[in-house]
Amino acid sequence: MTLDSQQPTSPQTAARSAGEAPAVGLVRNRNFLLLTGGQIISYLGDFIYSTTLQIWAYSLVPNAASVSGIWAAQYLPYVLVGPIAGVFVDRWNRRQIMIVSDLLRCFIALWPLLVPPALRLPAIYLAVFLIGSLGRFFSPARSGVMQVILAEQDQPRAASILQSSFAFAVVAGPSLGAGLYFLVGPYLGTILNALSFLVSALCILAMRVSAQALQPGAQRRAEVAAGEGRTGAVRAVLTELVDGFRFVLGSRVLGVVMLLLVINWFGVGALNALDIVFISQRLHVSPELYGPMATGSGVGLLIGSLIAGALSRKLSPRSLLTGSVFLTGLGIVVFGFQVWFPLALFFYCLTGLLQGGIEVGYMALVLISSPRTLIGRVEAVIQTSMFIASVLSIAIGGYLAQFIPVYILFIIGGWLTVLAGLIGWFGLPAKIEPVAASPSSTEAGPEQPAQA
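Just so you know, the sequence shown maps onto residues 1 to 452 in the working numbering.
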């Protein structure tokens, strides 16, 4: 597939009203501008809030466990909520899901300010868990909305813009959060995050998209409603969840993408947790220098996302994803051999820059290769698999670091990432057609009748 190719048409597509057709060109796309504006503000609020809560939790109970609890509460929803959330995203109106998720998160974010001091730390954990759980609904719903409001040729650049917005928040949010906390306490950072969810909800509310396009599975849901009554709602949800796994594993594109990302995260997951150990043991510098390295990686991610957006005009999502993963692996291998901090910092920032290409290529491939009726489950399946691989990597890497020098683990992880890039390059077809044009699609969006 070339990014300049036009989206395949069908009688159903031609019959749509002009008001439902996505505008070609992001600058003229009012819906995308509203979505992006809300997400920029929301991302910034997220990182201000996350930093505020970590400092606040440590001030309440000054030990590492108090901060680790926040990370556990943030990651658990990926496994406990993510897969099931994908099922309901494919059932319900996706814009309504996003609006309700934002409004609920607006109120939940304020909880730690409202409870008695004795309950403040548990309230922080609960708020983080619930906000993360609602995020498992919001993220795949946003992907489904993007399929509707964006022309195919605009999707990679749209992914680049959203990823750049996220990277900007990574760079600016923690500094703002820490500064606000030490200036006025946890109140302003918490309130700002709540307001950011409210602004995001208002932006999504202002979008103009037909209800039918935002809930492509509505007709099928009505047809199986009677069956759910007989077999039970729980069984129906589990059946649809299994359908999502089957579709991903049965799709050459999505199956290879998931395998690539699982191997990649199994290789690099532990490295994120061992960075500070590497700095101390291999580079022989103060762990305090991890801060500049993390900031440099965030800046690299921001620049890389912008570059990936520009390259998406000439390169396919397949090339962006697999090439970025392959080069990231080589960068990690070279980084693992470093003993001089300035040179290590350079390669660390380089891997952050390449991460932009990974995210842009991944998002574009998922949008192109997922039917609208399955996008929620597809994203949930892939993200949950990535999370499990990362957690396993952290556990195994933390254990092996007791016996093996950390830089050796970095080199092994880098070569695993190189392998992931090669698997993706040779496993993904050179020409990838949008799933709506494929006669083998198991479920169809609103523009294509389901195949018998």
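Every residue gets a Cβ at the ideal spot worked out from N, C-alpha and C, and that includes glycine. What you are looking at is a predicted structure, and each value in this text was computed from that prediction instead of being measured.
Which first and last residues belong to the alpha helix (DSSP H) in which Phe337 is found? Position 337 of the sequence shown, counted from the first residue, corresponds to residue 337. Phe337 -> no alpha helix (DSSP H), and no H or E assigned at all.
So the alpha helix (DSSP H) Leu283 belongs to, where does it begin and stop? Residue mapping note: residue 283 aligns to position 283 of the sequence shown, counting from 1. Premise fails: Leu283 is in no alpha helix (DSSP H) and is neither H nor E.
In the DSSP assignment, the alpha helix (DSSP H) including Phe341 goes from what residue to what residue? On the sequence shown, position 341 is the one that residue 341 refers to. Taken as a continuous stretch (DSSP letters only), the alpha helix (DSSP H) holding Phe341 covers 341-369.
Spatial distance of Trp340 from Gly413 (CA atoms): What you label residue 340 is simply residue 340 of the sequence shown in a count that begins at 1. What you label residue 413 is simply residue 413 of the sequence shown in a count that begins at 1. The alpha-carbon of Trp340 is positioned some 20 Å away from that of Gly413.
Exposure label - Ser59; buried when at least 16 CB within 10 Å: Translated into positions along the sequence shown, residue 59 becomes position 59. With fewer than 16 other beta carbons inside 10 angstroms of its own, Ser59 counts as exposed.
Check whether the Cβ atoms of Gly78 and Phe426 sit closer than 8 Å, and answer yes or no. Along the sequence shown, one-based indexing puts residue 78 at 78. Along the sequence shown, one-based indexing puts residue 426 at 426. Per the sequence presented here, residue 78 reads as Tyr, with Gly not at that position. Going by C-beta atoms, Tyr78 is not nearer than 8 Å to Phe426.
Take Tyr43 and list the residues in its own chain whose beta-carbon comes closer than 7 Å to its own, dropping the five residues that flank it on each side. In the sequence shown, residue 43 corresponds to position 43, counting from 1. Correct list, in chain order: Ser165, Phe166, Ala169.
Grouping DSSP H, G and I as helix and E and B as strand, with all else coil, what is Phe385? One-based indexing of the sequence shown puts residue 385 at position 385. Inspection of the sequence shows that residue 385 is occupied by Ser rather than by Phe. Helix at Ser385.
Would you check if the stretch 346-362 and the stretch 294-308 touch, i.e. whether three or more CB-CB distances between them fall below 8 Å? Counting C-beta pairs closer than 8 Å gives three or more between the stretch 294-308 and the stretch 346-362, which meets the contact rule.
Does the beta-carbon distance from Ser385 to Phe266 come in below 8 Å? For the purposes of this step, residue 385 is identified with residue 385 of the sequence shown, where counting begins at 1. For the purposes of this step, residue 266 is identified with residue 266 of the sequence shown, where counting begins at 1. At least 8 Å separates the beta-carbon of Ser385 from that of Phe266.
In angstroms with no decimal places, state the Cα-to-Cα distance between Ser324 and Gly424. The sequence position of residue 324 within the sequence shown is 324, counting from 1. The sequence position of residue 424 within the sequence shown is 424, counting from 1. When rounded, the separation of the alpha-carbon atoms in Ser324 and Gly424 is 11 Å.
Alpha helix (DSSP H) containing Pro112: first to last residue? By 1-based counting over the sequence shown, the position of residue 112 is 112. Here the alpha helix (DSSP H) through Pro112 covers 111-114.
Looking at the C-beta of Trp340, does it have a partner C-beta in chain C at a distance below 8 Å? Going by chain labels, chain C is absent from the structure shown, which holds only one protein chain.
Between the Cα of Asn29 and the Cα atoms of Val67, Gln153, Tyr181, Trp71, which residue gives the shortest distance? The residue you call residue 29 lines up with position 29 of the sequence shown. If you compare the alpha carbons of Val67, Gln153, Tyr181, Trp71 with that of Asn29, the shortest gap goes to Gln153.
Alpha-carbon to alpha-carbon, Phe88 and Val100: Walking along the sequence shown from the start, residue 100 turns up at place 100. Walking along the sequence shown from the start, residue 88 turns up at place 88. A straight line joining the alpha-carbon of Val100 with that of Phe88 spans about 13 Å.
Give the secondary structure of Gly185 by DSSP, where H, G and I count as helix, E and B as strand, and everything else as coil. Start at 1 with the first residue of the sequence shown, and residue 185 comes out as number 185. In the three-state reduction of the DSSP assignment, Gly185 falls in the coil class, being assigned neither a helical nor a strand state.
Short Cβ contact (8 Å threshold) for Gln215 with Trp71: Taking the first residue of the sequence shown as position 1, residue 215 is located at position 215. Taking the first residue of the sequence shown as position 1, residue 71 is located at position 71. No; because the gap between Cβ atoms is not below 8 Å, this pair is not in contact.
Straight-line CA distance for Ile456 to Ile191? For residue 456 there is no data in the structure shown, the boundaries of the chain being 1 and 452.
For Ile55, which residues of its own chain have a beta-carbon under 6 Å away from its beta-carbon, when the five flanking residues on both sides are left out? As a working mapping, residue 55 is identified with position 55 in the sequence shown. Around Ile55: Tyr181.
Reduced DSSP category for Gly25 - H, G, I as helix; E, B as strand; rest coil: Within the sequence shown, residue 25 is the residue found at index 25, counting from 1. Coil at Gly25, not helix or strand.
Rounded Cβ spacing between Val381 and Val248 (contact assumed at less than 8 Å): Position 381 of the sequence shown, counted from the first residue, corresponds to residue 381. Position 248 of the sequence shown, counted from the first residue, corresponds to residue 248. Between Val381 and Val248, the beta carbon gap of about 5 Å places them in contact (Cβ cut-off 8 Å).
Assign Gln281 to buried or exposed, taking buried as 16 or more other Cβ atoms, counted over all protein chains shown, within 10 Å of its Cβ. Counted from its first residue, the sequence shown places residue 281 at position 281. By the neighbour-count definition (other C-beta atoms within 10 Å, threshold 16), Gln281 is an exposed residue.
In angstroms with no decimal places, state the Cα-to-Cα distance between Leu271 and Leu330. Taking the sequence shown and counting its residues from 1, one reaches residue 271 at position 271. Taking the sequence shown and counting its residues from 1, one reaches residue 330 at position 330. Spanning the two alpha carbons is a distance of roughly 14 Å.
Separation of Pro342 from Gln402, as counted between CA atoms: Along the sequence shown, one-based indexing puts residue 402 at 402. Along the sequence shown, one-based indexing puts residue 342 at 342. Taking the Cα positions, Gln402 is about 27 Å away from Pro342.
Exposure label - Ala430; buried when at least 16 CB within 10 Å: Taking the sequence shown and counting its residues from 1, the one referred to as residue 430 is at position 430. Answer is exposed; the Cβ neighbour count stays below 16.
Kindly list the residues whose CB is nearer than 6 Å to the CB of Leu195, restricted to its own chain and excluding five residues on each side of it in sequence; keep chain order. Start at 1 with the first residue of the sequence shown, and residue 195 comes out as number 195. No residues qualify anywhere along the chain.
Kindly indicate which residue of Phe346, Thr351, Ala73 has the alpha-carbon position closest to the one of Leu121. Residue mapping note: residue 121 aligns to position 121 of the sequence shown, counting from 1. The shortest Cα separation from Leu121 among Phe346, Thr351, Ala73 belongs to Ala73.
Assigned secondary structure, Asn93 (DSSP; H/G/I helix, E/B strand, else coil): Counting from one through the sequence shown, the residue named residue 93 turns up at place 93. If DSSP states are grouped into helix, strand and coil, Asn93 belongs with coil.
Quick check on Ser297: buried or exposed, where buried means 16 or more other Cβ atoms within 10 Å of its Cβ? In the sequence shown, residue 297 corresponds to position 297, counting from 1. The Cβ neighbour count for Ser297, taken over all protein chains shown within 10 Å, is at least 16; the residue is labelled buried.
Mark Ala395 as exposed unless 16 or more other C-beta atoms lie within 10 angstroms of its C-beta, in which case mark it buried. Residue mapping note: residue 395 aligns to position 395 of the sequence shown, counting from 1. Result: exposed.
Spatially closest choice to Ala420 from Leu350, Gly25, Val67, Thr328, by CA coordinates: Residue mapping note: residue 420 aligns to position 420 of the sequence shown, counting from 1. Minimum Cα distance to Ala420 is reached at Thr328.
Kindly list the residues whose CB is nearer than 7 Å to the CB of Leu76, restricted to its own chain and excluding five residues on each side of it in sequence; keep chain order. For the purposes of this step, residue 76 is identified with residue 76 of the sequence shown, where counting begins at 1. Once the five neighbours on either side are set aside, the close Cβ partners of Leu76 are Phe129.
Taking 8 Å as the threshold (C-beta atoms), are Ala308 and Val320 in contact? As a working note, residue 320 is residue 320 in the sequence shown. As a working note, residue 308 is residue 308 in the sequence shown. Checking the displayed sequence, the identity of residue 320 turns out to be Leu instead of Val. Against a cut-off of 8 Å, the Cβ pair of Ala308 and Leu320 comes out as a contact.
Taking the alpha helix (DSSP H) that Arg136 belongs to, which residues open and close that run? As a working mapping, residue 136 is identified with position 136 in the sequence shown. Element bounds for Arg136: 120-149.
Buried versus exposed, by CB contacts within 10 Å (16 or more), Asn31: Here residue 31 refers to the residue found at position 31 of the sequence shown. Asn31 should be labelled buried.
Classify Tyr407 as buried or exposed, calling it buried when 16 or more other Cβ atoms lie within 10 Å of its own Cβ. Residue numbering aside, residue 407 sits at position 407 when the sequence shown is read from its first letter. Flag for Tyr407 reads buried.
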